[in-house]
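When we follow full-length UniProt numbering, the leftmost residue of the sequence shown carries the number 1, and every step to the right adds one. We put the CB at the ideal spot given by N, CA and C, even for glycine. The next block holds one structure in the form of structure tokens; read it before the comments.
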Amino acid sequence: MTPSYPPAGPPRRVAVLSVHTSPLEQPGTGDAGGMNVYISQTATEMARRGISVEVFTRATSSDQPPVAELAPGVLVRHIPAGPYQPLDRSELPAQLCAFTSGVLRAEAFHEPGYYDVIHSHYWLSGQVGWLARDRWGVPLVHTAHTLAKVKNAALAEGDVPEPRTRVIGEEQVVTEADRLVANTAVEARELVSLYGADPRAVRTVSPGVDLDRFTPGSRARARAALGLPGDAVVLAFAGRIQPLKAPDVLLHAAAELSRRRPGLRERLVVLIVGGASGTGLEQPAALRELAASLGIAAQTRFLPPQPGEALVHVYRAADVVAVPSYNESFGLVAVEAQACGTPVVAAEVGGLPVAVADGVSGLLVPGHRAADWADALAAVALRPGRRAELAANAVRHARRFSWRRTTDALVATYTEAARAFRDALARALREEVAV
Ligand code: UDP
Numbered sequence: 001m002t003p004s005y006p007p008a009g010p011p012r013r014v015a016v017l018s019v020h021t022s023p024l025e026q027p028g029t030g031d032a033g034g035m036n037v038y039i040s041q042t043a044t045e046m047a048r049r050g051i052s053v054e055v056f057t058r059a060t061s062s063d064q065p066p067v068a069e070l071a072p073g074v075l076v077r078h079i080p081a082g083p084y085q086p087l088d089r090s091e092l093p094a095q096l097c098a099f100t101s102g103v104l105r106a107e108a109f110h111e112p113g114y115y116d117v118i119h120s121h122y123w124l125s126g127q128v129g130w131l132a133r134d135r136w137g138v139p140l141v142h143t144a145h146t147l148a149k150v151k152n153a154a155l156a157e158g159d160v161p162e163p164r165t166r167v168i169g170e171e172q173v174v175t176e177a178d179r180l181v182a183n184t185a186v187e188a189r190e191l192v193s194l195y196g197a198d199p200r201a202v203r204t205v206s207p208g209v210d211l212d213r214f215t216p217g218s219r220a221r222a223r224a225a226l227g228l229p230g231d232a233v234v235l236a237f238a239g240r241i242q243p244l245k246a247p248d249v250l251l252h253a254a255a256e257l258s259r260r261r262p263g264l265r266e267r268l269v270v271l272i273v274g275g276a277s278g279t280g281l282e283q284p285a286a287l288r289e290l291a292a293s294l295g296i297a298a299q300t301r302f303l304p305p306q307p308g309e310a311l312v313h314v315y316r317a318a319d320v321v322a323v324p325s326y327n328e329s330f331g332l333v334a335v336e337a338q339a340c341g342t343p344v345v346a347a348e349v350g351g352l353p354v355a356v357a358d359g360v361s362g363l364l365v366p367g368h369r370a371a372d373w374a375d376a377l378a379a380v381a382l383r384p385g386r387r388a389e390l391a392a393n394a395v396r397h398a399r400r401f402s403w404r405r406t407t408d409a410l411v412a413t414y415t416e417a418a419r420a421f422r423d424a425l426a427r428a429l430r431e432e433v434a435v
């Protein structure tokens, strides 16, 4: 058989694997979050450059068309694998064979060499990508988004550890992938030290932010749009409601603040935006109960997951956006908030020290003690001069990130992975002929 080589230049067509969640879903609830935004933004940017992208995701409803257009040049293929309903992530490994078969069948309708590169997101997709890579003879680029070993080392109290099967699955993907894309240098080091990745295969690519959508604007108008009083002190959280994201830490800190400053109670608003996700503290109902037991039920407002255009109002309305996560591979919310001119108080974990410039565009808090969080929130939200300085820097800091730049780096990674793949294939053929 004559081998088909991936092209020497940038790819023409990319197969993106996103088994457990679709870029068409609303982020901020269930399994949909930063990864969905990442895939849809980078795919759209690639398509603008003439690179077609096809995203393969599991069909979760019989109403979904087999193929849907996300943007011109970006298709989402819904692959039947298991029942037409959402499945818990823990149930998905049993569906990977069916999913892989669907992906291979979809490709078989095309001429050989249709896709030039595979980019898998999250370990479940990596498992599929590794087999597709071998069948199609193109490189596999993988982004983990989160790593079980890292997550398990920093679990929130009462959270359920990631299973050993995931750790093993991740180790296999790390060994098999041609390139591993890490969000930050910290994650790149974790891939090497915890998973034995070959450092030569790891590329660090910063995620981006939509700088056209997330822009500074009038705080008064944003508060009016959300029905919040103009003179309120607004502390906001946006994201999936799950123990790892720790919205409860914000509630404890807000309660601590209002104990310290009873005069603040009238003006304090804690705004929690997002829907249920994950394990343990998964119901926003549990957060409502916590707010009530802390005596700040009247000050706490809940909003369901918001589309990006509405999230802009949340970020602009807030005095501070809090990102108290126990782990965060990057933290898109932190950068989006800063792009809107709002300083961020974030946990000093994972990628957040990259997303937030400590003391410049916001504050980083070591640990999750309510008293420390109350100190940091007060140091920003209750000091207008300091807040204004951080806000101006926040906008500048956020401009360091953009999906265009992320896409530049991804395309460069695909291109050099294909070149290395071609070279390896040519070497193997020469050796075969020599024998
Ligand atoms: N998000 C959203 N609506 C919401 C809450 C969050 O669209 O109500 C989006 C948010 O804009 C961000 C993503 O969900 O782009 C969350 O990404 P992040 O990296 O902060 O967290 P992850 O979900 O990856 O853990």
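{"Query": "Cα separation between residue 248 and residue 256?", "Result": "12 Å"}
{"Query": "Identify the continuous alpha helix (DSSP H) that holds residue 76 and give its terminal residues.", "Result": "Note, residue 76: premise wrong, no alpha helix (DSSP H); beta strand (DSSP E) at 74–79."}
{"Query": "Pick from 104, 13, 299, 90: whose alpha carbon is nearest that of residue 232?", "Result": "299"}
{"Query": "Counting along the chain, where does the beta strand (DSSP E) carrying residue 362 start and finish?", "Result": "362–365"}
{"Query": "So, helix, strand or coil for residue 60, using DSSP?", "Result": "coil"}
{"Query": "Determine the extent of the alpha helix (DSSP H) in which residue 187 is found, giving its start and end residues.", "Result": "185–195"}
{"Query": "Below 8 Å on the Cβ atoms is my contact criterion, and I expect residue 328 with residue 315 to pass it. Report the Cβ-Cβ distance as a whole number of Å.", "Result": "The Cβ separation is near 17 Å, so there is no contact."}
{"Query": "Does the beta-carbon of residue 118 have 16 or more other beta-carbons within 10 angstroms, so that it is buried, or is it exposed?", "Result": "buried"}
{"Query": "I need the straight-line Cα distance from residue 205 to residue 222, nearest angstrom please.", "Result": "33 Å"}
{"Query": "If you measure from the CB of residue 322, is any heavy atom of ligand 1 nearer than 6 Å?", "Result": "no"}
{"Query": "Check each candidate in 384, 209, 251 and name the one with the smallest Cα separation from residue 312.", "Result": "209"}
{"Query": "Within 6 Å: the Cβ of residue 456 and any heavy atom of ligand 1?", "Result": "Outside the displayed range of the chain (1 to 435) lies residue 456, so it cannot be described from this structure."}
{"Query": "Where does the unbroken beta strand (DSSP E) through residue 203 begin, and where does it stop?", "Result": "202–204"}
{"Query": "Within the same chain, show all residues whose beta-carbon is closer than 8 Å to that of residue 191, passing over the 5 residues directly before and after it, in chain order.", "Result": "144, 147, 174, 180, 182, 197, 202"}
{"Query": "Which residues are close to ligand 1, meaning CB closer than 6 Å to any heavy atom, in chain order?", "Result": "27, 28, 33, 34, 35, 37, 238, 239, 240, 273, 274, 305, 306, 308, 311, 330, 331, 332, 333, 336"}
{"Query": "How would you write the range of the alpha helix (DSSP H) that residue 419 sits in, first residue to last?", "Result": "403–434"}
{"Query": "In the DSSP assignment, find the unbroken beta strand (DSSP E) run with residue 118 in it and report its ends.", "Result": "117–121"}
{"Query": "Using a Cβ-Cβ cut-off of 6 Å (strictly less than) and excluding sequence neighbours within five positions of residue 100, which residues of its own chain qualify?", "Result": "128, 131"}
{"Query": "I'd like to check one pair, residue 142 with residue 177: are the Cβ atoms closer than 7 Å?", "Result": "yes"}
{"Query": "Output needed for residue 38: all residues of its chain with C-beta closer than 7 Å, excluding positions within five of it in sequence on either side, in chain order.", "Result": "207"}
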